[in-house]
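In the working numbering, the protein residues as written are 54 to 264.
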């Protein structure tokens, strides 16, 4: 029995008999990350957030929260305030969620997980265990060894060299959100992109009307 600590702070315990034994098992204890910062956090805090805040502040003070809208009894003024405020708040929330949530970091497996094919038995045991190995292979998936990660990784995972972790469902690394986009934050990323263009369009239209 051996215990290894991986680069993500997870403890991996592997218990095995001889290489020919079909009873080999593999267990892993994963650390659940509540908040992470990607490698480009400085771009997030020094460019993306200040840019959104500056443009939103200019729009709010010159086109949204102005006496003409605040004192107006027309429904259009209320709708403008409600729509712009809601969209801007959701833009901030989607950006922060995308940037700070665990994108799908996987522990590093030094040995094959149980769902992978077991080593072929010796000749004396080949007949008795051929069925169990074939079932294991059919349910294993296409996990592969990655030299950069020094780990077995599933088909939809990628070792991201900037983040220096294995990310499940990896899509790309976004400099403006400061982190990698993977399984856990892909949808919030697309919400951020859509709201970003929508808010930019509203800001430009509202400011152009007031000018």
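Note that CB positions come from ideal geometry on N, CA and C, so glycine has one too.
Per DSSP, cross-strand counterpart(s) of residue i
{"i": "residue 232", "result": "227"}
{"i": "residue 147", "result": "Partner(s): none; residue 147 has no beta bridge."}
{"i": "residue 164", "result": "Looking at the DSSP assignment, residue 164 forms no beta bridge with any residue, so it has no partner."}
{"i": "residue 158", "result": "220"}
Residues near residue i in its chain [Cβ-Cβ closer than 7 Å; skip 5 each side]
{"i": "residue 263", "result": "115, 116"}
{"i": "residue 147", "result": "241, 244, 245, 248"}
{"i": "residue 94", "result": "231"}
{"i": "residue 210", "result": "159, 219, 220, 221, 223"}
{"i": "residue 198", "result": "205"}
{"i": "residue 250", "result": "none"}
{"i": "residue 141", "result": "109, 252"}
{"i": "residue 239", "result": "222, 224"}
Check: residue i C-beta below 7 Å from any heavy atom of the ligand MG
{"i": "residue 237", "result": "Judged by which ligands are present, the structure shown has none, so any question about the ligand MG falls away."}
Residue range of the beta strand (DSSP E) that includes residue i
{"i": "residue 198", "result": "197-199"}
{"i": "residue 38", "result": "Nothing about residue 38 can be reported from this structure: the residues present for the chain run from 54 to 264 only."}
{"i": "residue 117", "result": "Note, residue 117: premise wrong, no beta strand (DSSP E); not H, not E."}
{"i": "residue 210", "result": "210-213"}
{"i": "residue 205", "result": "204-206"}
Sequence-distant residues of the same chain with beta carbon closer than 6 Å to residue i, five excluded per side
{"i": "residue 157", "result": "220, 221, 222, 235, 236, 237"}
{"i": "residue 152", "result": "97, 230, 231, 232"}
{"i": "residue 253", "result": "none"}
{"i": "residue 225", "result": "234"}
{"i": "residue 212", "result": "199, 201, 202, 219"}
Presumed contact (8 Å Cβ cut-off) between residue i and residue j, rounded CB distance
{"i": "residue 203", "j": "residue 161", "result": "6 Å"}
{"i": "residue 144", "j": "residue 105", "result": "7 Å"}
{"i": "residue 89", "j": "residue 155", "result": "5 Å"}
{"i": "residue 216", "j": "residue 92", "result": "6 Å"}
Residue range of the unbroken alpha helix (DSSP H) whose run includes residue i
{"i": "residue 251", "result": "239-263"}
Nonlocal neighbours in the same chain, by C-beta distance under 8 Å from residue i, ignoring five residues either side
{"i": "residue 136", "result": "255"}
{"i": "residue 260", "result": "111, 112, 115, 116"}
{"i": "residue 188", "result": "Caution applies to residue 188, whose pLDDT of 41 falls short of 50 and renders its modelled position unreliable; the value that the coordinates give is listed next. Nothing listed; no residue qualifies."}
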